[in-house]
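Participant:
Residue numbers (our numbering): 133 to 356.
1) Among 172, 248 and 155, which has the Cα closest to the Cα of residue 223?
2) In whole angstroms, give me the CA-to-CA distance for residue 243 and residue 333.
3) Run through DSSP, which three-state label would residue 174 get?
4) Taking the Cβ atom as the reference point for each residue, do residue 357 and residue 284 lie within a distance shorter than 7 Å?
5) At which residues does the beta strand (DSSP E) containing residue 328 begin and terminate?
6) Given that a residue counts as buried once 16 or more other Cβ atoms are within 10 Å of its Cβ, and exposed if not, what is residue 144?
7) Give me the Cα-Cα distance between residue 292 and residue 271, rounded to the nearest whole angstrom.
8) For residue 150, count neighbouring Cβ atoms within 10 angstroms of its own Cβ and tell me buried if that reaches 16, exposed if not.
9) From residue 154 to residue 300, what distance separates their C-alpha atoms?
10) Do residue 212 and residue 325 count as a contact pair if the criterion is CB distance below 7 Å?
11) Going by beta carbon distance, what residues of the same chain come within less than 6 Å of residue 196, once the five residues before and after it are set aside?
12) Helix, strand or coil: how does DSSP classify residue 138 here?
13) Helix, strand or coil for residue 338, going by three-state DSSP, please let me know.
14) Would you say residue 203 and residue 177 are within 7 Å of each other, going by their C-beta atoms?
15) Here's the rule I'm using: 16 or more other beta-carbon atoms within 10 Å means buried, otherwise exposed. How should residue 354 be labelled?
16) Are the Cβ atoms of residue 335 and residue 281 separated by less than 7 Å?
17) Could you pull out every residue in the same chain whose Cβ sits closer than 8 Å to the Cβ of residue 296, ignoring the five residues on either side in sequence?
18) Let me know if residue 289 comes out buried or exposed under the rule of 16 or more other beta-carbons within 10 Å of its beta-carbon.
19) Kindly indicate which residue of 179, 158, 152 and 252 has the alpha-carbon position closest to the one of residue 192.
20) Near residue 186, which residues of its chain fall below 8 Å by C-beta distance, leaving aside the five closest residues on each side in sequence?
21) Which residues bound the alpha helix (DSSP H) around residue 185?
What follows is the structure in structure tokens.
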């Protein structure tokens, strides 16, 4: 990863005790057809083999930066930590247990490049189980594409809640205005509301994001 030229996309992956799934998540990122990105992994002081796995990726691929928290700071603070290392034009959070189709970044960046008023682009979702088997289609990410901020907020509130929207590709200049995600439950929803005021949410209508449902998901273990 170049120290002088920032990649256009930074992907932030917070992880805690992710040895079971983190390899497949990282492999799906490194296999993207769009390769102008850096992956920042923030390990929340894992007690399993997460450190060894991620350090190996960082040694083998210069796009991967691995950092480890000195102590467990909680899931939401770890989400904030990876955003603090954002460089370049776009940012994306990535779950350590989710998988991206190879064209996810390419399609989302293309959509944002073609629409300067858009601040977030997500894609269609499938839900997998702990073993990677398909459960079914996931909730559609929020689309808030009206011209006026109050109209976009209305679209946001009437849309069925889809927390995976936060895992879309986000314009970094918008995050500079909103500031970091808060350290409280559902702070991702507040951040999405702020982003909707600033610009449009658009969607790639292809299934490119594979969300894994399992008991150890971070939003079910906020203290770890």
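Virtual Cβ for every residue (Gly too), placed ideally from N, Cα, C.
Facilitator: In this structure, then:
1) Looking only at 172, 248 and 155, the smallest Cα-Cα distance to residue 223 is reached by 172.
2) In this structure, the straight-line span from the alpha carbon of residue 243 to that of residue 333 is close to 11 Å.
3) Residue state, collapsed to three classes: strand.
4) Past the boundaries of the shown model lies residue 357; the chain is included only from 133 to 356, so the question cannot be answered.
5) Premise fails: residue 328 lies in the alpha helix (DSSP H), 319-330, not in any beta strand (DSSP E).
6) Counting the other Cβ atoms within 10 Å of the Cβ of residue 144 gives 16 or more, which makes it buried.
7) In a straight line, the C-alpha of residue 292 is about 8 Å away from that of residue 271.
8) Note on residue 150: 16 or more other CB atoms within 10 angstroms of its CB, so buried under the neighbour-count rule.
9) Between residue 154 and residue 300, the C-alpha separation is close to 19 Å.
10) The Cβ atoms of residue 325 and residue 212 lie no closer than 7 Å to each other.
11) Same-chain partners within the cutoff: 171, 189 and 190.
12) Here residue 138 sits in coil by DSSP.
13) Strand at residue 338.
14) With a cutoff of 7 Å on beta-carbon distance, residue 203 and residue 177 are scored as near each other.
15) With a pLDDT of 36 at residue 354, under the threshold of 50, the modelled position of that residue is not reliable, and the figure given next carries that caveat. When all chains shown are included, residue 354 counts as exposed.
16) In this structure, residue 281 does not lie closer than 7 Å to residue 335 by Cβ.
17) The residues are 254, 257, 270, 271, 273, 341 and 343.
18) Its Cβ having fewer than 16 others within 10 Å, residue 289 is exposed.
19) Checked all of 179, 158, 152 and 252; the closest Cα to residue 192 is 158.
20) Answer for residue 186: 147, 154, 158, 173, 175, 196 and 198, listed in chain order.
21) 182-192 is the extent of the alpha helix (DSSP H) around residue 185.
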